[in-house]
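Structure first, commentary second.
Structure (structure tokens):
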């Protein structure tokens, strides 16, 4: 996506957001069912990851107003 199409932002956050928008379908296909997502679907955390801790994730979601 070019800067002209998305308001001219050229910083890293804008580039990342553009990448997510352009590749959302692919990202959704690659993320399997063992993944926790926030309401907006942008934060993915594999539940099979050895660093995944259910309680910490639930606390994070509460802090973000997700639950």
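In full-length UniProt numbering, the protein residues as written are 1 to 67.
Glycine residues also receive a C-beta, built at the ideal position from the N, C-alpha and C atoms.
Distance, Cα to Cα, residue i vs residue j?
i: residue 40; j: residue 48; result: 21 Å
i: residue 28; j: residue 15; result: 19 Å
i: residue 57; j: residue 63; result: 10 Å
i: residue 20; j: residue 30; result: 13 Å
i: residue 11; j: residue 59; result: 31 Å
In this structure, does DSSP put residue i in helix, strand or coil?
i: residue 40; result: coil
i: residue 48; result: coil
i: residue 23; result: helix
At the 8 Å Cβ level, is residue i part of the contact set with chain B, yes or no?
i: residue 62; result: As a matter of chain content, chain B is missing from the structure shown, which is built from one protein chain.
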